[in-house]
Structures are given as structure tokens and as C-alpha cells.
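All letters in the sequence shown, in the order written, are residues 3 to 130 by our numbering.
The structure under discussion appears below in the form of C-alpha cells.
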Amino acid sequence: MSPNFLHRLHSALLALPVLALVACGGGLLGGADEPPSVSLAIGASSAAPEAVVRLAAAAIDDKGVDQVAFYRVETNGENTRLGVDTTEPYEIDTVVPRTATGTLRYFARATDTTNQSTDSATVSLTVR
Numbered sequence: 003m004s005p006n007f008l009h010r011l012h013s014a015l016l017a018l019p020v021l022a023l024v025a026c027g028g029g030l031l032g033g034a035d036e037p038p039s040v041s042l043a044i045g046a047s048s049a050a051p052e053a054v055v056r057l058a059a060a061a062i063d064d065k066g067v068d069q070v071a072f073y074r075v076e077t078n079g080e081n082t083r084l085g086v087d088t089t090e091p092y093e094i095d096t097v098v099p100r101t102a103t104g105t106l107r108y109f110a111r112a113t114d115t116t117n118q119s120t121d122s123a124t125v126s127l128t129v130r
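As C-alpha cells, then:
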């Protein structure tokens with residue numbers, strides 16, 4: 003084998019890990035920053051007015067989760083921020099409003115360390 007062939011073979015072998023990183027979307031400096039993923043669960047399917055219910059969120063992010071905020075969707079469509087948790091497990095206890103009737107809806111908003119955010123699907127609570 004010629005020295006030129008060995009040099010080209012060596013160069014090609016050294017390039018394989020870089021090509022593999024680029025092909026999988028990794029790159030040398032890391033891939034694109036993705037927004038967080040979040041889901042929400044509620045501790046009960048129904049509750050009486052003034053009862054305490056626990057909201058628990060699961061949140062993940064490729065760069066890290068900064069915080070999870072919890073919201074109640076009001077009947078007029080506005081969102082009331084109930085609280086924020088910055089450490090796992092992401093959860094909060096909230097009181098069912100004294101005047102609540104029907105169905106309450108809640109969601110969680112996860113924000114990552116680069117300030118991207120994602121809202122969970124809503125979960126419902128029947129007020130009895």
C-alpha cells in the first residue's frame with residue numbers, strides 16, 4: 003500500500019465520527035435547541051368547592067427546565083396563574099374556588115433555560 007493511500011484512509015477514518023454527528027443532527031456544537039415537553043395530571047377527577055387538589059406536571063427539555071407554572075382557565079377564557087415550581091417534582095396544591103360550579107380546567111406551562119415555553123393539554127376537574 004502506498005503512503006498516499008494510507009494517508010487518505012487515515013483521514014477518512016478520522017472523519018467518520020464527525021459525519022455521524024452531523025447525520026444524526028448532533029453537530030460539533032450540539033443540535034438545535036428544542037422547546038420543553040410537559041404533561042399535567044390532577045389528583046382527583048372531582049372535588050367540592052374549597053377543597054384542595056394537587057396538580058402535578060412532568061416536564062423535560064434538552065437544555066434543562068427552568069420552571070413550570072400552573073394555570074386555571076376561567077369561564078371567560080382568561081388564564082389565572084396559580085403558582086410556579088422550579089424543582090422536580092413539579093407540583094402545587096390549589097384550592098377549588100368557593101363559587102366554582104361545573105367543570106374547571108387547568109394547564110401547566112414549562113419554560114426551559116433558554117426561555118422557550120410549551121403548554122400542556124388541559125385537564126378537567128368536576129366541581130360537585
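C-beta atoms are modelled at their ideal positions from N, C-alpha and C, and glycine is treated no differently.
Computed from a prediction, not measured in an experiment: that's the story for all the values here.
Got a sec, what are the start and stop residues for the beta strand (DSSP E) Q69 sits in?
Residue numbering aside, residue 69 sits at position 67 when the sequence shown is read from its first letter. Per DSSP, Q69 belongs to the beta strand (DSSP E) from V67 to V75.
Where T115 sits in the DSSP three-state scheme
In the sequence shown, the residue the question calls residue 115 occupies position 113. In the structure shown, T115 falls within a coil segment according to DSSP collapsed to helix, strand and coil.
Determine which residues share a DSSP beta bridge with A50 and list them.
By 1-based counting over the sequence shown, the position of residue 50 is 48. DSSP output for A50 lists no bridge partner at all.
By the three-class DSSP mapping on this structure, what secondary structure does D121 have?
Counted from its first residue, the sequence shown places residue 121 at position 119. Shown here, D121 sits in a strand according to DSSP, grouped into three states.
Outcome for R56 when other beta-carbon atoms lying within 10 angstroms are tallied against a minimum of 16
Mapped onto the sequence shown, residue 56 falls at position 54. The residue is exposed, with fewer than 16 neighbouring Cβ atoms inside 10 Å.
Could you say which of S39, A58, D68 and T77 lies nearest to T105 if we only look at CA atoms?
Locating residue 105 in the sequence shown gives position 103, where the first residue counts as 1. When S39, A58, D68 and T77 are compared, the shortest CA-CA separation from T105 is found for T77.
Do you know how far the Cα of V98 is from the Cα of N81?
For the purposes of this step, residue 81 is identified with residue 79 of the sequence shown, where counting begins at 1. For the purposes of this step, residue 98 is identified with residue 96 of the sequence shown, where counting begins at 1. Rounded to the nearest whole angstrom, the C-alpha separation of N81 and V98 is 15 angstroms.
Looking at R111 and A50, is the spacing between their C-beta atoms short of 8 angstroms?
Translated into positions along the sequence shown, residue 50 becomes position 48. Translated into positions along the sequence shown, residue 111 becomes position 109. Their beta carbons are not under 8 angstroms apart, which means A50 does not touch R111 by this criterion.
At least one CB of chain D closer than 8 angstroms to the CB of A123: is that the case?
You won't find chain D in this structure, because it holds only one protein chain.
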